[in-house]
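Trainee: Structure provided below as structure tokens; questions to follow.
Residue numbers (my numbering): 518 to 910.
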């Protein structure tokens, strides 16, 4: 049963961050191999899963840690600082597995999450947009479709996908065994290469109704107040943390480059212009993070009071994500400009810049979302409300 109490804040978060930091060296050492594989190495993935990072997003009543939104942001931020692709992979697994656990009922929970605390639970990956077709049949649906961007699917046991019910147009989300879909090994990209964000498809696969939920739900079957955010807002949590982790790492890398080059002949890092631009980038990143903290703190107060978010709050958390992503991208441009040839040789700066360039293309940070935020904030559509990433009149 869902917990009707206030927002849960986990005591496990500080230890989780320590476990993640302890893997920093291993993540750096395996980064090149992961890019060649197109996914995290098995040793790396297992070590990260053993930290409990996915469990951080799972409902407490199912054996999860059920971190608060700001705890989840900090967790993904910390991992992404060490490795952007690992952060993205675990962010996807955490969010998709956690929301599946929260929104599916008792039958599916018993099947997929029999002993979460003991490590016996499903891991889900998949994509929530461009829904497949669901033809109603007795006690379920025959599902067909083709989906993209199954980040982390190499490490998953099950698939999460959006479906549209034929006849009613209802949007639902399903959970099905990974063995029921065909995977398409087509993740040939410049950045986030190690996330295995491949395509997949299926045709006329039976999925029981018990293993689907209404895509727009804000009423969890398991877990507490955080899951009243709904699917899209839960997604915004991890992406916000990812942007800040990557932005922070790039600035720190540039600081190291500057320390190594200062005092050498014609060193650009000794110029007043470099110092001013570094300070500006630092201010922008810190300001974006502070604003995100403010917005999510307000959201947490609303959740803790047992209330649903207002349209204003829905707008601001989307705008905070968009701003965090664009700020991290701008930071990356500053780092690229001043790191010189270090930015073009194989190493952390090159890898983080490529990963950042790919991550900024995610639909949750798209120009259309920014435009919709503006429509609400300017009063152009005062009666509107959010439906996924669209502002509906």
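Using N, Cα and C, we set each Cβ at its ideal position, and we do this for glycine too. This structure is a prediction, so every number in the text was calculated from the model and none was measured.
#1: Roughly how far, in whole angstroms, is the beta-carbon of residue 837 from the beta-carbon of residue 736, given that I think they are within contact range, below 8 Å?
#2: Let me know if residue 570 comes out buried or exposed under the rule of 16 or more other beta-carbons within 10 Å of its beta-carbon.
#3: Touching or not, the region 767–777 and the region 609–617, by the rule of three or more beta carbon pairs under 8 Å?
#4: Where does residue 658 sit, in a helix, a strand or coil, going by DSSP?
#5: Could you round the C-beta distance between residue 724 and residue 751 to whole angstroms and report it? I think they count as a contact, below 8 Å.
#6: Between the beta-carbon of residue 622 and the beta-carbon of residue 738, is there less than 9 Å?
#7: For the alpha helix (DSSP H) holding residue 882, just list the boundary residues, first then last.
#8: Smallest Cα separation from residue 823: which of 842, 744, 849 and 874?
#9: Can you tell me the Cβ-Cβ gap for residue 595 and residue 813, rounded? I've got them flagged as a contact below 8 Å.
#10: If I'm right that residue 698 touches residue 689 with Cβ under 8 Å, what's the distance once you round it to whole angstroms?
#11: Grab the span of the alpha helix (DSSP H) containing residue 769 for me, first residue to last.
#12: To the nearest whole angstrom, what separates the beta carbons of residue 680 and residue 662, a pair I think is in contact under 8 Å?
#13: Report the three-state DSSP secondary structure of residue 942 (helix, strand or coil).
#14: What residue does the beta strand (DSSP E) around residue 723 start on, and which one ends it?
#15: Of all the options 825, 842, 830 and 722, which has the alpha carbon lying nearest to the alpha carbon of residue 659?
#16: For residue 694, which residues does DSSP report across the bridge?
#17: Among all the DSSP beta bridges, which residues are the ones paired with residue 569?
#18: Determine the DSSP secondary structure at residue 729, reduced to helix, strand or coil.
#19: Report the three-state DSSP secondary structure of residue 793 (helix, strand or coil).
#20: Let me check you understand the geometry: is the CB of residue 897 closer than 8 Å to at least one non-hydrogen atom of the ligand FAD?
#21: Are residue 852 and residue 798 closer than 9 Å when you measure CB to CB?
#22: Taking residue 653 as the reference, which of 726, 691 and 870 has the closest Cα?
#23: The alpha helix (DSSP H) that contains residue 853, what's its start and end?
#24: Among 761, 551 and 559, which residue has its Cα nearest to the Cα of residue 808?
#25: State the Cα-Cα distance for the pair residue 844 and residue 655, rounded to the nearest angstrom.
#26: Give me the Cα-Cα distance between residue 899 and residue 830, rounded to the nearest whole angstrom.
#27: Can you give the beta carbon distance from residue 889 to residue 908, rounded, assuming they're within the 8 Å contact cut?
#28: Per the DSSP calculation, residue 649 is bridged to which residue(s)?
#29: If I follow the unbroken beta strand (DSSP E) through residue 904, where does it start and stop?
#30: Closest to residue 840 by CA distance: which of 541, 810 and 779 is it?
#31: Please tell me whether residue 533 and residue 568 are closer than 9 Å, where the distance is taken between their beta carbons.
#32: Could you tell me the boundaries of the alpha helix (DSSP H) in which residue 624 lies?
#33: Could you check what DSSP says for residue 667 in three-state terms: helix, strand or coil?
#34: For a test of the three-state rule: what should DSSP assign to residue 907, helix, strand or coil?
#35: By DSSP, does residue 705 sit in helix, in strand, or in coil?
#36: Hey, residue 556 and residue 712: beta-carbon distance below 9 Å or not?
Mentor: The answer reads as follows:
#1: Within the chain shown, residue 837 is the residue found at index 320, counting from 1. Within the chain shown, residue 736 is the residue found at index 219, counting from 1. Contact doesn't hold; Cβ gap of about 24 Å is too wide.
#2: Looking up residue 570 in the chain shown gives position 53. Counting Cβ neighbours within 10 Å, residue 570 comes out buried, since at least 16 surround it.
#3: no
#4: On the chain shown, position 141 is the one that residue 658 refers to. If DSSP states are grouped into helix, strand and coil, residue 658 belongs with the strands.
#5: Here residue 724 is taken as the residue at index 207 of the chain shown, counted from 1. Here residue 751 is taken as the residue at index 234 of the chain shown, counted from 1. Not confirmed; about 22 Å, so no contact.
#6: For this step, residue 622 is matched to residue 105 along the chain shown. For this step, residue 738 is matched to residue 221 along the chain shown. Result yes, Cβ atoms of residue 622 and residue 738 sit closer than 9 Å.
#7: Start at 1 with the first residue of the chain shown, and residue 882 comes out as number 365. Residue 882 -> no alpha helix (DSSP H), and no H or E assigned at all.
#8: Residue numbering aside, residue 823 sits at position 306 when the chain shown is read from its first letter. Of 842, 744, 849 and 874, the residue nearest in Cα terms is 744.
#9: What you label residue 595 is simply residue 78 of the chain shown in a count that begins at 1. What you label residue 813 is simply residue 296 of the chain shown in a count that begins at 1. The Cβ separation is near 16 Å, so there is no contact.
#10: In the chain shown, residue 698 corresponds to position 181, counting from 1. In the chain shown, residue 689 corresponds to position 172, counting from 1. Contact flag wrong, Cβ pair sits at about 17 Å.
#11: As a working mapping, residue 769 is identified with position 252 in the chain shown. Start and end: 748–778.
#12: Here residue 680 corresponds to residue number 163 of the chain shown, with the count starting at 1. Here residue 662 corresponds to residue number 145 of the chain shown, with the count starting at 1. Contact flag correct, Cβ pair sits at about 7 Å.
#13: The chain is shown from 518 up to 910; residue 942 falls before or after that span and cannot be answered.
#14: Walking along the chain shown from the start, residue 723 turns up at place 206. Segment 716–725, the beta strand (DSSP E) holding residue 723.
#15: Here residue 659 corresponds to residue number 142 of the chain shown, with the count starting at 1. Selected option, being the one with the closest Cα: 722.
#16: Looking up residue 694 in the chain shown gives position 177. Beta-bridge pairing links residue 694 to 675.
#17: Looking up residue 569 in the chain shown gives position 52. DSSP output for residue 569 lists no bridge partner at all.
#18: Here the question's residue 729 lines up with position 212 in the chain shown. Reduced to three states, the DSSP call for residue 729 is strand.
#19: Residue numbering aside, residue 793 sits at position 276 when the chain shown is read from its first letter. Three-state DSSP puts residue 793 in a helix.
#20: With respect to small molecules bound, the structure shown includes none, and the ligand FAD cannot be examined in it.
#21: To locate residue 852, count along the chain shown from 1; it is residue 335. To locate residue 798, count along the chain shown from 1; it is residue 281. Yes. Within cutoff.
#22: Locating residue 653 in the chain shown gives position 136, where the first residue counts as 1. Of the candidates 726, 691 and 870, the one whose C-alpha sits nearest the C-alpha of residue 653 is 726.
#23: Counting from one through the chain shown, the residue named residue 853 turns up at place 336. Taken as a continuous stretch (DSSP letters only), the alpha helix (DSSP H) holding residue 853 covers 828–856.
#24: As a first step, residue 808 must be located in the chain shown, where it is residue number 291. The shortest Cα separation from residue 808 among 761, 551 and 559 belongs to 761.
#25: Taking the first residue of the chain shown as position 1, residue 844 is located at position 327. Taking the first residue of the chain shown as position 1, residue 655 is located at position 138. Approximately 50 Å between the Cα atoms of the pair.
#26: Here residue 899 is taken as the residue at index 382 of the chain shown, counted from 1. Here residue 830 is taken as the residue at index 313 of the chain shown, counted from 1. Each residue's alpha carbon lies about 14 Å from the other.
#27: In the chain shown, counting from the first residue as 1, residue 889 sits at position 372. In the chain shown, counting from the first residue as 1, residue 908 sits at position 391. Between residue 908 and residue 889 the Cβ distance is about 4 Å, and since that is below 8 Å, they are a contact.
#28: For the purposes of this step, residue 649 is taken as the residue at position 132 of the chain shown. According to DSSP, residue 649 bridges with 680.
#29: As a working mapping, residue 904 is identified with position 387 in the chain shown. 902–904 is the extent of the beta strand (DSSP E) around residue 904.
#30: Residue mapping note: residue 840 aligns to position 323 of the chain shown, counting from 1. That would be 810, whose Cα lies nearest to the Cα of residue 840.
#31: As a first step, residue 533 is located in the chain shown; it is residue number 16 there, counting from the start. As a first step, residue 568 is located in the chain shown; it is residue number 51 there, counting from the start. It is a contact, given that the beta carbons lie within the stated cut-off.
#32: If you number the chain shown from 1, residue 624 lands on position 107. Residue 624 -> alpha helix (DSSP H) spans 623–629.
#33: Here residue 667 refers to the residue found at position 150 of the chain shown. Residue 667: coil per DSSP, three-state reduction.
#34: Counted from its first residue, the chain shown places residue 907 at position 390. DSSP places residue 907 in strand when its eight states are reduced to three.
#35: Translated into the one-based positions of the chain shown, residue 705 becomes position 188. If DSSP states are grouped into helix, strand and coil, residue 705 belongs with coil.
#36: Within the chain shown, residue 556 is the residue found at index 39, counting from 1. Within the chain shown, residue 712 is the residue found at index 195, counting from 1. The answer is yes: Cβ separation under 9 Å.
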